[in-house]
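Student: Attaching a single structure in structure tokens format; questions to follow.
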């Protein structure tokens, strides 16, 4: 499975890097391909290292203004002209999406895939990996959107909330009939 992971390129502490590394190892051992922003820095590097060390493949989609930070030695690397093209290419290559901890860029990517799902333009499974409760507030906001009628489809049709890496990958594999 080609699993797109949206996540931060920031250098983060162990409460975020440990679970990210665990997910990456599970992804690699499962024979999956990481589809990600292609950067060789911060949390993006941690995940790419973990996938590669566990035998998985790496398919990066960087962007022109970040090309100097692109990871060398990957199975595939594409350089997009801008962030909009990068998002489109990432989602085109993905069979499933995992949203890990991140900033505004990650939030932008997350809302894009959820908006596509909401309108029936994709049926790819989406997991929000809520490491260390990072997305508790967003999870509550999504629930409020759901209960107050802002979503035309039930929240459970749009995204699965996982608290642990093993639950995230298990959901994706089950959704795609793997395992």
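Residue numbers (our numbering): -15 to 163.
Every residue gets a Cβ at the ideal spot worked out from N, C-alpha and C, and that includes glycine.
These numbers come from a predicted model, not from an experiment.
(1) By DSSP's criteria, residue 60 is part of a beta bridge. Which residues make up the other side?
(2) Could you tell me which whole alpha helix (DSSP H) segments of length 4 or greater appear in the stretch 53 to 119?
(3) Distance check for residue 120 and residue 134, CA to CA, integer angstroms please.
(4) Could you tell me the distance, in whole angstroms, from the CA atom of residue 19 to the CA atom of residue 28?
(5) Take the Cβ of residue 150 as the centre, count every other Cβ of all protein chains shown within 10 Å, and call the residue buried at 16 or more, exposed below.
(6) Can you grab the Cα-Cα spacing for the pair residue 139 / residue 89, in whole Å?
(7) Give a yes or no on contact between the stretch 66 to 76 and the stretch 32 to 41, applying the rule of three or more CB pairs nearer than 8 Å.
(8) Compare the Cα-Cα distances from residue 105 to each of 112, 96 and 45 and report the closest residue.
(9) One question on the structure: do residue 113 and residue 84 come within less than 8 Å of each other, judged by their Cβ atoms?
(10) Check the C-beta distance from residue 14 over to residue 153 and give it rounded, since I have them as a contact under 8 Å.
(11) Beta carbon of residue 47, beta carbon of residue 64: below 8 Å?
(12) Between which two residues does the alpha helix (DSSP H) harbouring residue 7 extend?
Tutor: According to the structure data:
(1) Residue mapping note: residue 60 aligns to position 76 of the chain shown, counting from 1. Beta-bridge pairing links residue 60 to 43.
(2) 67 to 77 and 88 to 102
(3) Mapped onto the chain shown, residue 134 falls at position 150. Mapped onto the chain shown, residue 120 falls at position 136. The alpha-carbon atoms of residue 134 and residue 120 are separated by roughly 19 Å.
(4) Translated into the one-based positions of the chain shown, residue 19 becomes position 35. Translated into the one-based positions of the chain shown, residue 28 becomes position 44. Using only the alpha carbons, I get a separation of about 11 Å.
(5) Here the question's residue 150 lines up with position 166 in the chain shown. That one is exposed.
(6) Here residue 139 refers to the residue found at position 155 of the chain shown. Here residue 89 refers to the residue found at position 105 of the chain shown. Taking the straight line joining both Cα atoms gives about 22 Å.
(7) no
(8) Here residue 105 refers to the residue found at position 121 when the chain shown is read from its first residue. For residue 105, the nearest C-alpha among the options comes from 96.
(9) Working through the chain shown from its first residue, we reach residue 113 at position 129. Working through the chain shown from its first residue, we reach residue 84 at position 100. Yes.
(10) By one-based count along the chain shown, residue 14 stands at place 30. By one-based count along the chain shown, residue 153 stands at place 169. 7 Å between Cβ atoms; contact.
(11) By 1-based counting over the chain shown, the position of residue 47 is 63. By 1-based counting over the chain shown, the position of residue 64 is 80. For residue 47 and residue 64, yes; Cβs fall inside 8 Å.
(12) The residue you call residue 7 lines up with position 23 of the chain shown. Where residue 7 is concerned, the enclosing alpha helix (DSSP H) stretches over -2 to 13.
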